[in-house]
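The structure appears below as structure tokens.
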Amino acid sequence: MMTSAHIAYVIVAVLTLGAALRVVTHRRPFHAALWLALTFVGMSAIFMFLDSPYLAGVQLFIGAGGIAVAIAIAAAITKAKMREATQSKAHRRSAFLVSVVLFAVLSWMIVQLPLPEAPPMLPADEGLAHVGAALVDPQGYLLPVMVVSWMLLVVLIGGLYLARRR
Amino acid sequence: MAAAVPLFWFLLLGAALFCAGLYGVLANRNLVTVIASLELMLGAVVLNLVAFARYVEPVRVTGTAFAIVVYAAAAAEAALGLALAVAVWRTESAVAVEERRG
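Taken in sequence, the protein lines are chains A and B. Residue 167 is where the first sequence starts when you use the numbering used here, and the numbers rise one by one after that. Residue 1476 is where the second sequence starts when you use the numbering used here, and the numbers rise one by one after that.
So this is what it looks like as structure tokens:
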């Protein structure tokens, strides 16, 4: 039975997927970055369907606000004088084939799987409080958070080193 | 809208986004577009993580914690990749994905 939530999900999913296809097929990287921002906005709407308003906000901040803008700036800096934006036609055809075959296999597996129904949800505030507590809990996810923060520091230094003027 | 949509719709969307990103990585010559496609693939992974977390174990925070870690990795990867692209562009005034001479 189609409810309004189903219809809204289908609209958002089609928009997201269409924007994603424009990202990978557009010849100009700057436009690809703008379509990537739209894709991230669509993904954050999908997170709302999954009852994760926190991750939807994170997706907007980091995805659309950070990554897509950084890619747009890099595309504007490296105004590449390139003869061809894409690989050769035979190369593109085999890439298309690989992607379509992978998608066919994945969707066949997904349709075969016995998937669970959604259990009821905690209240949103309580869920977020649990996340915050678990991220700094030594029995929880403190180690991954420490590793990630070290990784961010290393990436910061590495990015400065790579981008310095020689 | 407490989980009105069945789980496999989310999984199918995640698979489609991942395969679109894979095509972008394989078929593009411009390094900046390749990085954009990589971000697309990572986003699809996060979508799958959150969908499974919501439908299998909504009480535990595993999905959200993993999603946050993947976001940090995605942002770091974009920053380093774009720094590499700018560095390559400075020396060769092009950012094509092909063989490099040292």
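Ideal placement from N, C-alpha and C gives every residue a C-beta, glycine not left out.
Taking all protein chains in view, the Cβ of A:D303 is surrounded by fewer than 16 other Cβ atoms within 10 Å, so the residue is classified as exposed. Those residues of the stretch 201-212 of chain A placed with their C-beta closer than 8 Å to a C-beta in chain B are L202, T205, F206, M209 and I212, ordered along the chain.
Residue-level contact by beta carbon holds for A:M317 and chain B, with a gap shorter than 8 Å. Within the stretch 1515-1533 of chain B, the residues whose Cβ lies closer than 7 Å to any Cβ of chain A are, in chain order, L1515, G1518, L1522, V1525, A1526, R1529, Y1530, V1531 and P1533.
Under the Cβ distance rule, B:L1513 does not count among the residues neighbouring chain A, no pair being separated by less than 8 Å. Listed as beta-bridge partners of A:T252 by DSSP are B:N1503. By alpha-carbon distance to B:S1512, the top candidate from A:S210, A:G208 and A:H192 is A:H192. Across the stretch 230-243 of chain A, CB contacts with chain B closer than 7 Å involve G232, I233, A236, I237, A240, A241 and I243, in sequence order along the chain. Against A:A256, chain B offers no close residue; the least beta-carbon distance is about 11 Å (beta-carbon pairs closer than 8 Å). A distance below 6 Å between beta-carbons, with the five flanking residues on each side excluded, links A:A199 to the following residues of its chain, in chain order: A234, I237, A238 and A241. Distance from the Cα of B:L1557 is smallest, within the candidate group B:L1487, B:A1542 and B:V1509, for B:V1509.
Nearest C-alpha to B:V1536 among A:A261, A:D217, A:A270 and A:L268: A:D217.
Among the residues facing chain B, A:P282 is included, as its CB has a counterpart in that chain under 8 Å away. For A:Y327, the uninterrupted alpha helix (DSSP H) segment begins and ends at L308 to A329.
For A:A295, the closest of B:A1551, B:F1527 and B:V1534 by C-alpha to C-alpha distance is B:V1534. By a beta-carbon distance limit of 8 Å, B:L1515 does not contact B:G1489. Their separation comes to about 11 Å.
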